[in-house]
Every structure is written in C-alpha cells, then in structure tokens.
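Undergrad:
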Amino acid sequence: MEVAETVIDRGGHLSIGLGDHPHTRLGRPTNAELVHRVAELARARGREVATPEEARRMLGLPLRRSER
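Under the numbering used here, the residue at position 61 of the sequence shown is numbered 42, and the numbers go up by one with no gaps.
1. Using a Cβ-Cβ cutoff of less than 6 Å, which residues in the same chain neighbour A20 once the five nearest sequence positions on both sides are dropped?
2. Is it true that the CB of I(-11) sits closer than 8 Å to the CB of R28?
3. Using the Cα positions of L15 and E(-14), report the straight-line distance between them to the nearest angstrom.
4. Looking at L75: is its Cβ nearer than 8 Å to the Cβ of N12?
5. What are the start and end residues of each continuous beta strand (DSSP E) run of 3 or more residues lying completely inside the segment -17 to 36, in chain order?
Below, the structure is given as structure tokens:
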C-alpha cells in the first residue's frame, strides 16, 4: 500500500486489484477489500474517487447506455 499512498500524494491515478499478486502481507484481501482500502487512503488525503462514468471518460472508453 506504500506505492498507492505515494501515487495518491503525488496526484496520480490508480487501478487496484489482485491480478496475479495475492497480497499476502495484507492477509489475502479480496479485490473489493483492496478497492475499499485505496479509496479510504485517497479520501483521507483529500482526493475523491472517480465514479465508473468518470473513469470511463478519463480512459476514453465507451459509456454505458445508462451513462449517456
């Protein structure tokens, strides 16, 4: 989580998840638990977490019908 803290502090963006790394130092959390931890870190540092729609716009991905 140290890298996540540094990225947040420097104004960067994160995509978090288990991928191929089980994060055993953190007690084998689920993807949802990792996302929750990083969202808490961001908010504690004054950063808000993007909504799915905002993330899609930032990445240039197509919006879902409900987001148009």
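The C-beta atom is built at its ideal place from N, Cα and C for all residues, glycine as well. A quick note: this is a predicted structure, and the numbers were derived from the prediction, not measured.
TA: Let me lay it out:
1. V30
2. Yes, these two residues count as a Cβ contact at 8 Å.
3. 13 Å
4. Beyond the ends of the chain as shown, which are -18 and 49, falls residue 75; an answer cannot be given.
5. As summarised for the segment -17 to 36, there are no continuous beta strand (DSSP E) elements at least 3 residues long confined to that stretch.
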